[in-house]
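Undergrad: Counting with the UniProt record's numbering, you get residues 1 to 164 for the letters of the sequence shown.
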Amino acid sequence: ECTNNRTRLPALQDALGASILWVSQVTPHGVLCFLPSYQLMTTLHTRWQETGLWRKLCDIKHVFMESRNVRDHNDNMDDYYKYVGTSKGALLFAVYRGKVSEGMDFKDHQARAVITVGVPFPNMFDMSVKEKMKYNDKYSSTRGLLSSREWLRVQAYRALNQAA
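#1: If the criterion is Cβ atoms closer than 9 Å, does the pair residue 91 and residue 56 meet it?
#2: When the Cα atoms are used, what is the spatial distance from residue 36 to residue 50?
#3: What's the call for residue 34, buried or exposed, on a 16-neighbour Cβ count within 10 Å?
#4: Would DSSP call residue 21 helix, strand or coil?
#5: With DSSP collapsed to three states, give me the class of residue 164.
#6: Roughly how far, in whole angstroms, is the beta-carbon of residue 101 from the beta-carbon of residue 94, given that I think they are within contact range, below 8 Å?
#7: Buried or exposed for residue 125, going by 16 or more other Cβ atoms inside 10 Å?
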């Protein structure tokens, strides 16, 4: 179970890293790995550098991380597309609802495997999400809206489907 609390556990981080390493070893060309947040991406990167797993990933594939910065993002994607066709291939870590998952198309060798980590539920602590949930619960029966729980589920699976 890859919940927000469990992703803080080193054992889960290590097991996740080992799985991504294995997929990268057996998959030619491009591998995409979608994570729930930039924060988790940074946490995993730091942990895997400490344990040596990051070096192993870099030995197997050219590794890239989605950037929040538009200029860095474009440079990263140019490099990913350049290296994905090589014999070593490339691994791209990205975030649900980020630039990579929203509207980018990966064809053929650009994404031979897609790894999805967790189910990307909206952040329930975000004020706009809280307000939307309250609104939906208030009007779900009279206006035919989804309940807050149903709406959260739809948002999560929409983001998951968009990434995959």
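Every residue, glycine too, gets a C-beta built ideally from N, C-alpha and C. Here the structure is a predicted model, which is why all the values come from computation and not from measurement.
TA: Let me lay it out:
#1: no
#2: CA-to-CA, the gap between residue 36 and residue 50 works out to about 22 Å.
#3: buried
#4: helix
#5: coil
#6: 6 Å
#7: exposed
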